[in-house]
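Peer 1: Residues 0 to 446 in numbering that gives the first Met the number 0 are what the sequence shown lists, from first letter to last.
Cβ coordinates follow ideal geometry from the N, Cα and C atoms, glycine included.
Since we're looking at a predicted model, the values are computed, not measured.
Can you read through this structure? Questions will come right after.
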Amino acid sequence: MGKLFGTDGVRGIANLELGPKLAYKLGRAAGYILAEGKRGKILIGRDTRLSGDLLETALVSGLLSIGLDVELAGVIPTPAIAYLTREGDYLAGIVISASHNPFEHNGIKFFSKDGYKLPDKIEDQIEDYIFSETKLYKNVTGEDIGRVTRKDTLKDKYANYLKSLADMDLKGMKIALDTGNGALSEIAGPLLESMGAEVVVINNKPNGKNINDKCGSTNPDLICKLVKETGSDIGMSFDGDADRIIAVDEEGKIVDGDHILAICAGYLKDRNKLKGNTVVGTIMSNIGLGRYLDTIGVDLVHTKVGDRYVLEEMINKGYVLGGEQSGHIIFLDYNTTGDGLATGLHLLEVMTNTKKKLSQLNSLMTTYPQVLVNAKVRSDLKNKYMDFADIREKIDHIEKEFAGKGRVVIRPSGTESKIRVMIEGEDEEVLKKYAEDLAEYIEERLN
Numbered sequence: 000m001g002k003l004f005g006t007d008g009v010r011g012i013a014n015l016e017l018g019p020k021l022a023y024k025l026g027r028a029a030g031y032i033l034a035e036g037k038r039g040k041i042l043i044g045r046d047t048r049l050s051g052d053l054l055e056t057a058l059v060s061g062l063l064s065i066g067l068d069v070e071l072a073g074v075i076p077t078p079a080i081a082y083l084t085r086e087g088d089y090l091a092g093i094v095i096s097a098s099h100n101p102f103e104h105n106g107i108k109f110f111s112k113d114g115y116k117l118p119d120k121i122e123d124q125i126e127d128y129i130f131s132e133t134k135l136y137k138n139v140t141g142e143d144i145g146r147v148t149r150k151d152t153l154k155d156k157y158a159n160y161l162k163s164l165a166d167m168d169l170k171g172m173k174i175a176l177d178t179g180n181g182a183l184s185e186i187a188g189p190l191l192e193s194m195g196a197e198v199v200v201i202n203n204k205p206n207g208k209n210i211n212d213k214c215g216s217t218n219p220d221l222i223c224k225l226v227k228e229t230g231s232d233i234g235m236s237f238d239g240d241a242d243r244i245i246a247v248d249e250e251g252k253i254v255d256g257d258h259i260l261a262i263c264a265g266y267l268k269d270r271n272k273l274k275g276n277t278v279v280g281t282i283m284s285n286i287g288l289g290r291y292l293d294t295i296g297v298d299l300v301h302t303k304v305g306d307r308y309v310l311e312e313m314i315n316k317g318y319v320l321g322g323e324q325s326g327h328i329i330f331l332d333y334n335t336t337g338d339g340l341a342t343g344l345h346l347l348e349v350m351t352n353t354k355k356k357l358s359q360l361n362s363l364m365t366t367y368p369q370v371l372v373n374a375k376v377r378s379d380l381k382n383k384y385m386d387f388a389d390i391r392e393k394i395d396h397i398e399k400e401f402a403g404k405g406r407v408v409i410r411p412s413g414t415e416s417k418i419r420v421m422i423e424g425e426d427e428e429v430l431k432k433y434a435e436d437l438a439e440y441i442e443e444r445l446n
C-alpha cells in the first residue's frame, strides 16, 4: 500500500500525483471517519492555485456522495479554517493548499471539529479505507445527498478575530508586506490599515500561477529590500497558505521563527503567561535559541520536524508557545495551528508595549551557523540510515570533534528520496566541510 499522507496532509503535482479521483476518495474516506456517523457540515478553504477548482470540485463531490453538506469559504488562510472550524458547527475542516510549494503542486489537509490537524492513526485509517477493497460507506440517494453553500463572509469573521488578538493602535507604524500571491493577498493589507498602520504591499495580485513564485516567505530577500527602500518599521512575508511568517526588522535583517520564539517567550514570561516556563521547538531549532532561553529561565523542548509534532507536545504538556525556525509559530491560547499574520500581530504587540524597535528585540538571541546538505538515497532506505553501523560511527566521530560546541542532525525528507544532513556550530567553513563529507558518504552507502 502506498503512503498518501506526509507531514502536512496529502501533497503532489496536481492532476498527476494528486488528481480528482484521489481527491474524491479522500473526501469520502475522511468524511466518513470524521463525521462519525453524523449528518452535518464540512468547511473547505483553499489558496490561490489554479488547480484549486479542480480538486475542490472532486473533494466536494466525495463528501456530498456520502450525505455530508459542504460550506465553501473560498480563498482563505489555513489558520482561518482551523479557527472557523472549532468556532462553528462543523464536523471537520479541510484546506486545499500546498503551502510554500510551486503552483503546479497542491495538497489536501484536514482539521478535526476542534481545529486540530489529524493524528497519525486517523490519517492511517483514512488511507486504509481508501485502499480497502471492502465498501465501507454507501452512496446516498434522494434527499440524503449533501448540499453545497458558499460563505464569503467567513473572511471577515477571521479578520475580526485577528483584530481581537491585541488591542493596538498602529497609527504611526509603517509595515511592509509580501503576501506571496497567496491566501492573505486580500486580507493582510486592509486589516493592518484598519488598525491605523501605513501599509506597503507587494505580491498581492494572484493569478493562479504566481503563488510563491520568487516571492513570499521562502524568498525573504524581497521583503528585506522593501523594508529598507520604504523605511518600514517591520516587514512580514507569508507563504501560500499563510500559516507561517518570516519577519524583517527595520534594518532589513531577517527575524526567523527561532528569533520570534525568543522575543515572545520573554514577553509572555514577564507577564506570567508562559505556562510551564517552556517553549517547544524542533530538532532543527538553532542552539542559539536554547542558550538565550537559558538566560531568562525558560526551558526548550525539542520535537521531530513538523508543526504537528510541536503542537502534540504542547497539547500533551500544557505549553502555550512553540514553533519552527521556518516561521510556523503556535500560540495555543489563541489558535490550534501556526498563523503567519497572527504572529506578526503578536510581534507588533511586543514592539508597541515594550516601546522597542524590532532590531533591538531581534538581537536578544545569537544565531549560530547551520549548514544543510541533502543526500539523495534510495527511497526504501531513507528511514534506515541508523541501521548502518559505519554511518552511526561517522556521526559520532563528528560530534566528538565538536566537543559540545556543535551538533549533527540527520533526518529523512518527508516527501523526497533524500536525507537531510544539518551540522551546527561556530565556524561555517568547518561545518560545510563536515556536512558535505557526511552527505556524500551517506549517499554512497544508501544507493
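Which residues in the same chain as Pro19 place their Cβ atom closer than 8 Å to its Cβ, once the five residues preceding and following it in sequence are excluded?
Peer 2: If you ignore the 5 residues before and after Pro19, its C-beta comes within less than 8 Å of the C-beta of Leu53, Leu54, Thr56 and Ala57, all in its own chain and listed in chain order.
Peer 1: Give me, in chain order, the residues of the same chain whose beta-carbon lies closer than 6 Å to that of Tyr23; leave out the 5 immediate sequence neighbours on both sides.
Peer 2: Ala57, Ser60 and Gly61
Peer 1: Counting pairs of Cβ atoms below 8 Å between the stretch 281-296 and the stretch 365-376, do you hit three or more?
Peer 2: yes
Peer 1: Tell me whether Asn382 is buried or exposed, calling it buried when 16 or more other Cβ atoms sit within 10 Å of its Cβ.
Peer 2: The residue in question, Asn382, is exposed, as its Cβ has fewer than 16 Cβ neighbours within 10 Å.
Peer 1: Looking only at C-alpha atoms, which of Tyr266, Glu70 and Met313 sits nearest to Lys303?
Peer 2: Met313
Peer 1: In chain order, what residues of the same chain have a beta carbon less than 7 Å from the beta carbon of Leu169, not counting five sequence neighbours either side?
Peer 2: Leu191, Met194, Gly195, Ala196 and Leu347
Peer 1: Tell whether a beta-carbon distance below 8 Å holds between Leu260 and Leu267.
Peer 2: In this structure, Leu260 keeps its C-beta atom at 8 Å or more from the C-beta atom of Leu267.
Peer 1: Between Asn138 and Ile329, what straight-line distance do the alpha-carbon atoms span, to the nearest angstrom?
Peer 2: 39 Å
Peer 1: Straight-line CA distance for Leu3 to Pro101?
Peer 2: So the alpha carbons of these two residues sit roughly 19 Å apart.
Peer 1: In this structure, does DSSP put Met162 in helix, strand or coil?
Peer 2: In the sequence as displayed, the identity of residue 162 is Lys instead of Met. Residue state, collapsed to three classes: helix.
Peer 1: Going by alpha carbons, who is nearest to Asn211 out of His104, Asn315, Glu132 and Lys252?
Peer 2: His104
Peer 1: What residue range is occupied by the uninterrupted beta strand (DSSP E) comprising Arg10?
Peer 2: Gly8 to Ile12
Peer 1: Could you tell me which whole alpha helix (DSSP H) segments of length 4 or greater appear in the stretch 100-141?
Peer 2: 119-130
Peer 1: Are there 16 or more other CB atoms within 10 angstroms of the CB of Ser96, so buried, or fewer, so exposed?
Peer 2: Label assigned to Ser96: buried.
Peer 1: For Leu67, which of Thr77, Pro78, Ile43 and Glu86 has the nearest alpha-carbon?
Peer 2: Ile43
Peer 1: Kindly indicate which three-state DSSP category Pro368 falls into: helix, strand or coil?
Peer 2: coil
Peer 1: Check whether the stretch 354-366 touches the stretch 332-344, taking contact to mean three or more Cβ pairs, one atom from each stretch, closer than 8 Å.
Peer 2: no
Peer 1: Hey, could you find the ends of the alpha helix (DSSP H) Ile262 is sitting in?
Peer 2: Gly256 to Asp269
Peer 1: Compare the Cα-Cα distances from Ile121 to each of Tyr31, Gly141, Pro205 and Ser50 and report the closest residue.
Peer 2: Tyr31
Peer 1: From Ile390 to Val254, what does the alpha carbon distance come to, in whole angstroms?
Peer 2: Between Ile390 and Val254, the alpha-carbon positions lie close to 35 Å from each other.
Peer 1: Taking 6 Å as the limit between beta carbons, can you name the residues of its chain near Ala187, skipping five residues before and five after?
Peer 2: Leu176, Thr178 and Leu340
Peer 1: Pull up the CB-CB distance for Leu173 and Ser236, whole angstroms please, since I reckon it's below 8 Å.
Peer 2: It is worth fixing the name first, because residue 173 is Lys in this sequence and not Leu. The pair is not a contact, with the Cβ atoms about 16 Å apart (cut-off 8 Å).
Peer 1: Determine the direct distance from the alpha carbon of Thr6 to that of Arg307, and round the result to whole angstroms.
Peer 2: 8 Å
Peer 1: At the level of alpha carbons, what is the spacing between Leu83 and Ile107?
Peer 2: Each residue's alpha carbon lies about 17 Å from the other.
Peer 1: If I measure Cβ to Cβ from Tyr291 and keep anything under 7 Å in the same chain, skipping five residues before and after, which residues do I get?
Peer 2: For Tyr291, where only same-chain residues beyond five positions count, the Cβ hits under 7 Å are Ala261, Leu363 and Met364.
Peer 1: If we ignore side chains and look at the alpha-carbon of each, how far apart do Lys208 and Ser50 end up?
Peer 2: 9 Å
Peer 1: In whole angstroms, what separates the C-alpha of Ser412 from that of Arg419?
Peer 2: Going by the C-alpha atoms only, they are around 7 Å apart.
Peer 1: For Leu344 versus Leu161, is the C-beta spacing smaller than 8 Å?
Peer 2: Taking 8 Å as the Cβ cut-off, Leu344 and Leu161 qualify as a contacting pair.
Peer 1: Measuring straight from C-alpha to C-alpha, what distance separates Arg410 and Ile144?
Peer 2: 45 Å
Peer 1: Does the beta-carbon of Pro219 have 16 or more other beta-carbons within 10 angstroms, so that it is buried, or is it exposed?
Peer 2: buried
Peer 1: What's the gap between the Cα of Lys227 and the Cα of His99?
Peer 2: For the pair Lys227 and His99, the Cα-to-Cα distance works out to about 24 Å.
Peer 1: Does at least one heavy atom of the ligand ATP sit under 7 Å from the Cβ of Asp151?
Peer 2: The ligand ATP is absent from the structure shown, which contains no ligand whatsoever.
Peer 1: Alpha carbon to alpha carbon, how far is Val198 from Asp123? Give it in angstroms, no decimals.
Peer 2: 44 Å
Peer 1: Going by other Cβ atoms of all chains shown within 10 Å of its Cβ, with 16 needed for buried, is Glu142 buried or exposed?
Peer 2: exposed
Peer 1: Answer with yes or no whether the minimum CB distance from Ile329 to chain D is below 8 Å.
Peer 2: Structure shown: chain D not included; a single protein chain is present.
Peer 1: Out of Asn276, Asn361, Leu25 and Arg48, which has the shortest C-alpha to C-alpha gap to Lys316?
Peer 2: Asn276
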